[in-house]
Amino acid sequence: MPNGPTPEEISKRRTFAIISHPDAGKTTLTEKLLLFGGAIQLAGTVKGRKAARHATSDWMALEQQRGISVTSSVMQFPYDGRMVNLLDTPGHEDFSEDTYRTLTAVDSALMVIDCAKGVEERTIKLMEVTRLRATPIMTFINKLDREGREPMELLDEIEKVLKISCAPITWPIGMGRDLQGIYHLIEDRIYIYQAGEKGRAGTHATIDKLDSDAATEFLGARAQTFRDEVELVRGAAPEFDTKEYLAARQTPVFFGSAINNFGVTELLGSFVRHAPGPQPRETTGRIVEPMEEKLSGFVFKIQANMDPGHRDRIAFMRICSGKYSRGMRLFHVRLGKEMRINDALTFLAADRQHTDEAFAGDILGLHNHGTINIGDTFTEGESLMFTGIPNFAPEMFRRVVLRDPLRMKALQKGLDQLCEEGATQVFRPLRNNDLILGAVGQLQFDVVAFRLQDEYSVQASFDNVNVFTARWVYGKDAKKLDEFRTKAYENLALDHSGALVYLAPTRVNLQLTLERWPDLDFRETREHL
Ligand code: GDP
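Residue 927, in this note's numbering, is where the sequence shown stops; the numbers in between run on with no holes.
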């Protein structure tokens, strides 16, 4: 065991991300969490950042326009004796593989759902990603101050569509104009709703005990129906079970209105209490435990530095075990090289500075001069590599069209490098010399075009291409694999690492191929190894 305060420091870390469909209220909730965590003084700070997306600058205009900044990628704040690390997953048009990979670097997630809209498409996708690592999920059903759907119906939908059991912790008393408050099923306490508390910490009057006279008086005409409803909920929904939650089979559900600071402290309090601390992680050799004395970690994201004076990039490393202190030497496993790290960044939101210490669960920002790739592992000397930092099957495909054919070499080099950073994925069909780019969001193509021009002086445009999706093809039987290569030649390609990929032109084609080749494994992810 390490000496000093390390075990306690590590077990109090809560590293998580928020998953939601655009407009469900992720930014608003993030801001309230920071506000209650004392990380910001005023509401509007995070929103302002979002609005600043349209600002332009003479460097990396695109990245600045989109508000992609290093500073908002990780937000660290203390709360109730814990240290919370909130990892931002860009929403909206910023959606990219970064979002997916960030989810591989957290220990739990918070899902925000709009009470009028229910489970939406982006949430479904993000939830699938959290399943890769059985990540525990807490749910916040937002915008209770607006007319929404029946709470029971929302829980049913979550259970059916997301295939996770729901354990309500709070229950709304009315909705929209009729919203009176929430009832805490475990505390047996009513939190009274008051609108328009914008920007102030969420202190709400409460009434203890649903069967008290005070509750009867407060609930007025709806007292009996609400008590019956609670009875029904208790009968129909499972009780919160920490074990089930930690196994990602059950999600505790909270109701509230982020913009009105309502229901957020109840959520945050439960979150820091029940959400898991740093979890063990698999590597090529063995499982790494967070409490191990020696530091280890992996890079899940690389991002342009906002400092125009330095054109280097920041590599975000999730610390998986041990402790970082300034000036220590880290072993870059892939390169087999030691590096002294003097200027790593941490992200304590109120006081963002170069750091002296960081612990398992924290994120370190490493200055990257081109030697760090996504998926790279750092240790204190041991040659292990973290697994589970995948490439995700892209959902959008474009064929690269080069304006000046003489720039082919520069284009190849640029694409290779952008692939290594995880900015896009390149597929080279077996049957021709096309270069097909894959991404999970449109922004990725814009960034690639911009950076090819900016950093490699290559002007490229993108054509639509007839690809529906990609699957990495694996098979134990070499003969079968050979046969597949011949039969499916027209639709096969190699990815950046040389792995075999099936590019399905349509959903039906994919379905047929899966049925025809039951001995082969068609995977939606390929691990960085
Ligand atoms: P994001 O796209 O998920 O980050 O969502 P935002 O936080 O930007 O919120 C989307 C819109 O919903 C904004 O106009 C917010 O002001 C609004 N919003 C967020 N929370 C609430 C809420 O509790 N009630 C209401 N009525 N609107 C909200």
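Virtual Cβ for every residue (Gly too), placed ideally from N, Cα, C. None of the values given here were measured: they were computed from a predicted structure.
Give the secondary structure of Thr413 by DSSP, where H, G and I count as helix, E and B as strand, and everything else as coil. Taken through DSSP and simplified to helix, strand or coil, Thr413 comes out as strand.
Should Arg412 be listed as close to the ligand GDP, given that the test is whether its C-beta is under 7 Å from any heavy atom? In this structure, the ligand GDP has no non-hydrogen atom nearer than 7 Å to the beta-carbon of Arg412.
Give me the Cα-Cα distance between Asn766 and Leu485, rounded to the nearest whole angstrom. Between Asn766 and Leu485, the C-alpha separation is close to 20 Å.
Those runs of the beta strand (DSSP E) which lie wholly inside the segment 749-828 and span at least 3 residues: Entirely contained in the segment 749-828, the beta strand (DSSP E) runs reaching 3 residues are, in chain order, 755-757, 761-766, 775-777, 788-790, 794-800, 823-827.
Here's a check: name, in chain order, each residue in its chain whose Cβ is nearer than 8 Å to the Cβ of Phe414, leaving out the five neighbours to either side. Within the same chain, Phe414 has close Cβ partners Val482, Asn483, Leu484, Leu485, Val504, Asp505, Ser506, Ala507, Leu508, Phe669, Ala673.
Would Val686 be called buried (16 or more neighbouring beta carbons within 10 Å of its own) or exposed? Within a 10 Å sphere around the beta-carbon of Val686 sit 16 or more other beta-carbons, which makes this residue buried.
So, for Pro792: in the same chain, excluding its five sequence neighbours on each side, which residues have a beta-carbon less than 7 Å away from its beta-carbon? Result list for Pro792: Gln823, Gly836, Ala837, Val838, Ala868, in chain order.
Just verifying my parser: in three-state terms, what is the DSSP assignment at Gly572? DSSP places Gly572 in coil when its eight states are reduced to three.
For Ala645, which of helix, strand or coil comes out of DSSP? Residue state, collapsed to three classes: coil.
Straight-line Cα distance separating Asn789 from Ile590: Ile590 and Asn789: Cα-Cα distance of roughly 46 Å.
Is it true that the CB of Phe624 sits closer than 8 Å to the CB of Ile571? Yes. Within cutoff.
Cutting at 6 Å between CB atoms, please list the residues of its own chain near Ile605, excluding the five before and the five after it. Within the same chain, Ile605 has close Cβ partners Ile588, Ala612, Ala613, Phe616.
Determine the extent of the beta strand (DSSP E) in which His582 is found, giving its start and end residues. That run of the beta strand (DSSP E) goes 579-582.
What's the gap between the Cα of Glu555 and the Cα of Thr428? Cα-Cα distance, rounded: 25 Å.
Cutoff 8 Å; reference Lys607; Cβ partners in own chain excluding five residues on either side: Here the set comprises Asp586, Arg587, Ala613.
Should the segment 766-784 be regarded as contacting the segment 677-691, the criterion being three or more beta carbon pairs within less than 8 Å? The segment 766-784 vs the segment 677-691: in contact.
Beta-carbon proximity list for Met525, same chain, < 6 Å, skipping 5 on both sides: Leu560, listed in sequence order.
Just the Cα atoms here: how many angstroms apart are Met536 and Met806? When rounded, the distance between both Cα atoms is 48 Å.
Between the CA atoms of Arg826 and Asp832 - distance to the nearest angstrom: When rounded, the distance between both Cα atoms is 6 Å.
Hey, is Ile417 close to the ligand GDP, as in C-beta under 7 Å from one of its heavy atoms? Checking the Cβ of Ile417 against the ligand GDP gives no.
If you reduce the DSSP assignment to three classes, tell me which class Arg529 lands in. Arg529 falls in the helix class under three-state DSSP.
With DSSP collapsed to three states, give me the class of Ser563. The answer is strand: DSSP assigns Ser563 an E or B state.
Residue interval of the alpha helix (DSSP H) (run including Gln842): Note, Gln842: alpha helix (DSSP H), 840-854.
Spatial neighbours of Leu892 within its chain, please: CB distance less than 6 Å, with the 5 preceding and 5 following residues excluded, ordered by chain position. Excluding positions up to five away in sequence, the list reads Arg826.
Pick from Lys735, Thr649, Ile787, Met689: whose alpha carbon is nearest that of Cys718? It is Met689 whose Cα lies nearest to the Cα of Cys718.
Any heavy atom of the ligand ZN closer than 7 Å to the CB of Pro549? In the structure on display, the ligand ZN does not appear, and the ligands it does have are the ligand GDP.
Below 6 Å CB to CB, which residues in the same chain sit around Phe660 once its five sequence neighbours on both sides are set aside? Within the same chain, and ignoring the five residues on either side of Phe660 in sequence, the residues whose Cβ sits closer than 6 Å to its Cβ are Tyr591, Gly654.
Look at Leu764 and Ala713 and say whether their C-beta atoms are less than 8 Å apart. Contact: yes.
Identify which residue in Thr649, Gly479, Ile657 has its Cα closest to the Cα of Glu406. The shortest C-alpha separation from Glu406 is found at Gly479.
How would you write the range of the beta strand (DSSP E) that Arg347 sits in, first residue to last? Residue coverage of the chain in this structure runs from 399 to 927, which leaves residue 347 outside it and unanswerable.
CA-CA distance, Ala459 and Arg412? Low local confidence applies: a pLDDT of 49 at Ala459 is under 50, so the model's placement there is unreliable, and no value is given.
Out of Asp496, Thr911, Leu762, which one is the CA nearest neighbour of Lys721? Here the closest residue by C-alpha is Leu762.
In the structure shown, what three-state DSSP assignment does Ile739 receive? It is coil, neither helix nor strand.
Is there a Cβ from chain B that is less than 8 Å from the Cβ of Arg849? Of the protein chains in this structure there is only one, and it is not chain B.
With 16 as the cutoff for other CB atoms within 10 Å, does Ser471 come out buried or exposed? Per the 10 Å Cβ criterion, buried.
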